[in-house]
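Enquirer:
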Amino acid sequence: MTSKYESPLSSRYASEYMLKLFSSDTRYKTWRKLWVSLAKAEKALGLPITEEQISELESNIDNIDYECVRSREAEVRHDVMAHVYAFGVAAPKAAGIIHLGATSCYVTDNADIIIYRDALIYLKNELLKVIANLADFAEKYKALPTLGYTHYQPAQLVTVGKRATLWMQDFAADLEEIDFILDNFKFLGCRGTTGTEASFVELFDGDCEKIDRMNEMIASDFGFERRFSVCGQTYPRKLDSRILSTLSAIAQSAYRMANDIRLLQHDRQVEEPFEKNQIGSSAMAYKRNPMRSERICSLSRYLISDVTNAAMTASTQWLERTLDDSANRRISMPEGFLCADAVLRLCQNVTDGLHVNEKIIERNVREYLPFIATENLMMEATKKGGNRQELHEIIRRCSMKATEEMKNGGTCDLLKFLSKEPQFGLGLDEMEKLLSPSLYIGRCIQQVENYLNEIKPLIENIERSTAEITL
Numbered sequence: 116m117t118s119k120y121e122s123p124l125s126s127r128y129a130s131e132y133m134l135k136l137f138s139s140d141t142r143y144k145t146w147r148k149l150w151v152s153l154a155k156a157e158k159a160l161g162l163p164i165t166e167e168q169i170s171e172l173e174s175n176i177d178n179i180d181y182e183c184v185r186s187r188e189a190e191v192r193h194d195v196m197a198h199v200y201a202f203g204v205a206a207p208k209a210a211g212i213i214h215l216g217a218t219s220c221y222v223t224d225n226a227d228i229i230i231y232r233d234a235l236i237y238l239k240n241e242l243l244k245v246i247a248n249l250a251d252f253a254e255k256y257k258a259l260p261t262l263g264y265t266h267y268q269p270a271q272l273v274t275v276g277k278r279a280t281l282w283m284q285d286f287a288a289d290l291e292e293i294d295f296i297l298d299n300f301k302f303l304g305c306r307g308t309t310g311t312e313a314s315f316v317e318l319f320d321g322d323c324e325k326i327d328r329m330n331e332m333i334a335s336d337f338g339f340e341r342r343f344s345v346c347g348q349t350y351p352r353k354l355d356s357r358i359l360s361t362l363s364a365i366a367q368s369a370y371r372m373a374n375d376i377r378l379l380q381h382d383r384q385v386e387e388p389f390e391k392n393q394i395g396s397s398a399m400a401y402k403r404n405p406m407r408s409e410r411i412c413s414l415s416r417y418l419i420s421d422v423t424n425a426a427m428t429a430s431t432q433w434l435e436r437t438l439d440d441s442a443n444r445r446i447s448m449p450e451g452f453l454c455a456d457a458v459l460r461l462c463q464n465v466t467d468g469l470h471v472n473e474k475i476i477e478r479n480v481r482e483y484l485p486f487i488a489t490e491n492l493m494m495e496a497t498k499k500g501g502n503r504q505e506l507h508e509i510i511r512r513c514s515m516k517a518t519e520e521m522k523n524g525g526t527c528d529l530l531k532f533l534s535k536e537p538q539f540g541l542g543l544d545e546m547e548k549l550l551s552p553s554l555y556i557g558r559c560i561q562q563v564e565n566y567l568n569e570i571k572p573l574i575e576n577i578e579r580s581t582a583e584i585t586l
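Position one of the sequence shown corresponds to residue 116 (this note's numbering), numbered consecutively onward.
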């Protein structure tokens, strides 16, 4: 326990990997790596920097005296310059060449880009685990008929596995979005106070090829092949907007799936995992609340709304730079990633242990199947000489009567009512032969198999695991 507020994303929901990735320690060590990379490139391109200075910087990347940083920042009111000072204290021989030609956004923005890239790669793998779990589920239940719904009203039959492919397809679309961002990820590089690289024109005596080479070398050190063609002091905040839009899309898919599960659990058709000693309600001991799915929806709602922060920030960038993005981004971007991580971990947990109550599903199917089968019944009666329009009216009239009885607590007696209509021409036994649920699921099995074959290359090498979550 702590006497100070801490975000539930860090104390309850997000993974250790993501918490470490977005930690201050990772951020500031990345700053130091960027300063080392800049010094190496400048030395290689002829600036008076020694190998001894480079070596001293490299050996002190992890040696951050945070008390020194805090003391210096309280004095100068500038976080980057406080870290430059502390790095110089740790590496005194190199103190004079740290941050040479750079502005603060060289370390702050490039570090963010690096962290966001690594976070997206991690989330991509977590997303693939959810898809893999759903693929297993869809394969297992691809042929199990279940009542389909439109407008949340009983409609034609589908299968349990086919419904899962709808969730999978949404997540697969999110995967495409992540891949698009990663494929088009660009590095900022060292571009100066207004993006003109003027300080480096001075340092390299007007040799612009050396400036380009320097930026290529730094980008390569961190695994980037592409850089923004033009920029102000910062990288374009449209990147943040694009990232949070993709994280929001994941939340939308997760919410849709979790909400469906909540509806199905209400009818006891499908249930999320429920542990042996889990308590569903403090007052009602019999309850099995879909708390994981509810949490997915709750966190997803937060993440969906978080995207407006990046959109507003991207739209309010004044000319080459304004600082009103900084405080917002410190909160909205890390929390967006941590929330997406939490949502996907919950999705993994739920999809790995979904329980299907087949008998309840079968009962629901049987209750509504006579209505679903009416068109087939009408076609069969037509074959025996009936008039299609007259048969349709008989079915309509009997259906209304059967529905009324069901509303009054009775059973569905549609077939009994139809069998008593001489003009319908079919006996009860004849009609019951047409009530096999498998006759009314269309191409569900084939659709599931086709989609699983389509998605298989994405997930065949994914390590299946169940995320540990805090209840």
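Glycine included, every Cβ here is placed at the ideal spot set by N, Cα and C.
#1: Secondary structure at HIS193, three-state DSSP: helix, strand or coil?
#2: If distances are taken between C-alpha atoms only, which option among GLY347, THR437, THR280 comes closest to ASP375?
#3: Can you confirm whether the stretch 239 to 248 touches the stretch 163 to 178 when touching is taken to mean that 3 or more C-beta pairs between the two stretches lie within less than 8 Å?
#4: If you draw a straight line from the C-alpha of SER420 to the C-alpha of LEU215, how long is it?
#5: Exposed or buried, what is MET399 when buried is set at 16 or more other beta-carbons lying within 10 Å of its beta-carbon?
#6: With a threshold of 7 Å on Cβ separation, who are the neighbours of ALA197 within its own chain once the five nearest residues in sequence on each side are excluded?
#7: Determine the burial state of VAL345: buried for a count of at least 16 other Cβ atoms within 10 Å of its Cβ, exposed for fewer.
#8: Can you tell which of ALA234, GLN348, GLY321, ARG512 has its C-alpha closest to the C-alpha of GLN432?
#9: Please identify the residue among GLN504, LEU318, THR518, GLU450 whose C-alpha is closest to the C-alpha of ASP355.
#10: Following the continuous alpha helix (DSSP H) through ALA429, name the residue where it begins and the one where it ends.
#11: How far does the alpha helix (DSSP H) with ALA210 in it extend, from its first residue to its last?
#12: With burial defined as no fewer than 16 other Cβ atoms inside 10 Å of the residue's Cβ, what is the status of PHE295: buried or exposed?
#13: Any idea if SER397 is buried or exposed, counting beta-carbon neighbours within 10 angstroms, 16 or more meaning buried?
#14: For LEU543, collect the residues of the same chain with a Cβ closer than 8 Å to its Cβ; drop the 5 residues on either side in sequence, then sort them by chain order.
#15: List the whole-angstrom C-beta distance separating LEU160 from PHE319, where the pair is believed to meet the contact cut-off of C-beta under 8 Å.
#16: Taking DSSP as the reference, what is the three-state secondary structure of TYR120?
#17: Using only CA atoms, which one of GLU157, ASN248, GLN504 lies nearest to ILE213?
#18: Report all residues from its chain with a CB closer than 7 Å to the CB of ASP336; omit the five preceding and five following residues, and keep chain order.
#19: Between ASN523 and the rest of its own chain, which residues show a CB-CB distance below 6 Å, the 5 nearest in sequence each way excluded?
#20: Might you give, ordered along the chain, the residues of its own chain that have their beta carbon closer than 7 Å to the beta carbon of ASN330, omitting 5 neighbours on each side?
#21: Since TYR264 sits in a beta bridge, which residues does DSSP pair it with?
#22: Would LEU259 and PRO388 be called neighbours here (beta carbons separated by less than 9 Å)?
#23: Measuring only the C-alpha atoms, how far is TYR221 from TYR417?
#24: In three-state terms, what does DSSP make of GLU435?
#25: Spatial neighbours of VAL563 within its chain, please: CB distance less than 6 Å, with the 5 preceding and 5 following residues excluded, ordered by chain position.
#26: Have a look at the DSSP bridge pairing and note the partners of HIS470.
#27: According to DSSP, THR274 sits in a beta bridge with which residue or residues?
#28: Evaluate LEU362 with the Cβ neighbour count: other Cβ atoms within 10 Å of its Cβ, from every protein chain shown; 16 or more gives buried, anything less gives exposed.
#29: Can you tell me whether ARG403 is helix, strand or coil according to DSSP?
#30: Could you name the residues of the same chain whose beta carbon sits closer than 8 Å to that of ILE601, not counting the 5 residues immediately before and after it, in chain order?
#31: May I have the straight-line CA-CA distance separating ASP467 from ASN248, to the nearest angstrom?
#32: Any chance the stretch 362 to 373 sits against the stretch 283 to 301, with 3 or more Cβ pairs inside 8 Å?
#33: Is the stretch 442 to 462 touching the stretch 510 to 517 in the sense that three or more CB pairs, one from each, lie closer than 8 Å?
#34: According to DSSP, PHE302 sits in a beta bridge with which residue or residues?
#35: Compare the Cα-Cα distances from ALA429 to each of ASP382, LEU359, MET493 and report the closest residue.
#36: Decide if the stretch 404 to 411 is in contact with the stretch 495 to 506; the criterion is three or more beta carbon pairs, one per stretch, under 8 Å apart.
Expert: So, from the data block:
#1: coil
#2: THR280
#3: no
#4: 40 Å
#5: Note that MET399 scores a pLDDT of 49, beneath 50, so its modelled location is shaky; the value from the coordinates is reported in the next line. Exposed, by the Cβ-count rule.
#6: VAL184, ARG187, GLU188, VAL191
#7: exposed
#8: GLN348
#9: Each of GLN504, LEU318, THR518, GLU450 was checked against the Cα of ASP355, and the nearest Cα belongs to GLU450.
#10: ALA429 -> alpha helix (DSSP H) spans 406 to 430.
#11: Premise fails: ALA210 is in no alpha helix (DSSP H) and is neither H nor E.
#12: exposed
#13: Unreliable positioning characterises SER397 in this predicted model, as indicated by a pLDDT of 44, which lies under 50. The coordinate reading is nonetheless provided below. Looking at its Cβ environment, which holds fewer than 16 other Cβ atoms inside 10 Å, SER397 is exposed.
#14: LEU530, LYS531, SER534
#15: 7 Å
#16: coil
#17: GLU157
#18: SER152
#19: Contacts found: none.
#20: GLY304, CYS305, ARG342
#21: PRO269
#22: no
#23: 31 Å
#24: coil
#25: ALA253, LYS257, GLY276, LYS277, THR280
#26: GLU386
#27: BP columns for THR274 point to PRO260.
#28: buried
#29: coil
#30: Here the chain covers residues 116 to 586 and nothing more, so residue 601 does not appear.
#31: Straight-line Cα distance between these residues: approximately 6 Å.
#32: yes
#33: Contact fails: fewer than three Cβ-Cβ distances are below 8 Å.
#34: ARG342
#35: Of ASP382, LEU359, MET493, the residue nearest in Cα terms is LEU359.
#36: no
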